[in-house]
Amino acid sequence: MKKTYHAVVQGLPDPIEGTIDAPIGRHPSSGWKFAVVDGGKNAVTHYKLLEAFREASLLEVHLETGRTHQIRVHMSATGHPCVGDPMYGCDPNLAKRVGLNRQWLHAVKLGFTHPGTGKYFEVEAPYPADLEHALEVLRG
Numbered sequence: 020m021k022k023t024y025h026a027v028v029q030g031l032p033d034p035i036e037g038t039i040d041a042p043i044g045r046h047p048s049s050g051w052k053f054a055v056v057d058g059g060k061n062a063v064t065h066y067k068l069l070e071a072f073r074e075a076s077l078l079e080v081h082l083e084t085g086r087t088h089q090i091r092v093h094m095s096a097t098g099h100p101c102v103g104d105p106m107y108g109c110d111p112n113l114a115k116r117v118g119l120n121r122q123w124l125h126a127v128k129l130g131f132t133h134p135g136t137g138k139y140f141e142v143e144a145p146y147p148a149d150l151e152h153a154l155e156v157l158r159g
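Quick note: to get the working numbering, add 19 to the position in the sequence shown (first position is 1).
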């Protein structure tokens, strides 16, 4: 299974293309969320910049592993939480300005080898209206 995500994160990651290799486990003081922690499960996230804005960046993201909230946790741990994601430290004022009441994270493409035919199959999903609107606001 190959998944491609797009995420709008606060700020501009440095470097603008890279890999985050950091273990994820339960947050030490808030068991209902996750965090980068010693002794957590292996988690690897690859990202690259697609578009930069004044306050945020649109990234393409690929996962080597599939931990719960992996993209949200890894981006937050690098100081770049997903826009609209208060659980992982977003700026609520930015979320409000772009009209979001959820995190800007979307699975844009899913690819897999069909088990019956052996042929590679890919499905793409356009951005939902609220995420598209947020991008328009960021683009100004």
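The beta carbon of each residue, even a glycine, is placed where N, CA and C say it ideally should be.
All values derive from a computational prediction rather than experimental measurement.
- Taking all protein chains in view, the Cβ of residue 54 is crowded by 16 or more other Cβ atoms within 10 Å, so the residue is classified as buried.
- In the displayed model, residue 150 falls within a helix according to three-state DSSP.
- Taking C-beta separations shorter than 6 Å and ignoring five residues to either side along the sequence, residue 137 has no partners in its chain.
- DSSP, read as helix, strand or coil, puts residue 25 in strand.
- Of the residues assessed, residue 123 falls on the buried side of the cut-off, its CB having 16 or more other CB atoms within 10 angstroms.
- In the DSSP assignment, residue 125 forms a beta bridge with 25.
- Rounded to whole angstroms, the gap between the alpha carbons of residue 75 and residue 101 is 9 Å.
- In this structure, the straight-line span from the alpha carbon of residue 85 to that of residue 64 is close to 9 Å.
- DSSP assignment within the segment 68–114 yields the following whole alpha helix (DSSP H) runs of 4 residues or more, N-terminal first: 89–96.
- Cβ-Cβ distances below 8 Å link residue 43 to 53, 54, 55, 56, 59, 60, 62, 86, 87, 88, 89, 92 and 93 in the same chain, with the five nearest sequence neighbours on each side left out; the list follows chain order.
- The Cβ neighbour count for residue 126, taken over all protein chains shown within 10 Å, is under 16; the residue is labelled exposed.
- Taking C-beta atoms as the reference points, residue 35 and residue 82 fail to come closer than 7 Å.
- In the DSSP secondary-structure assignment, residue 60 is bridged to 43.
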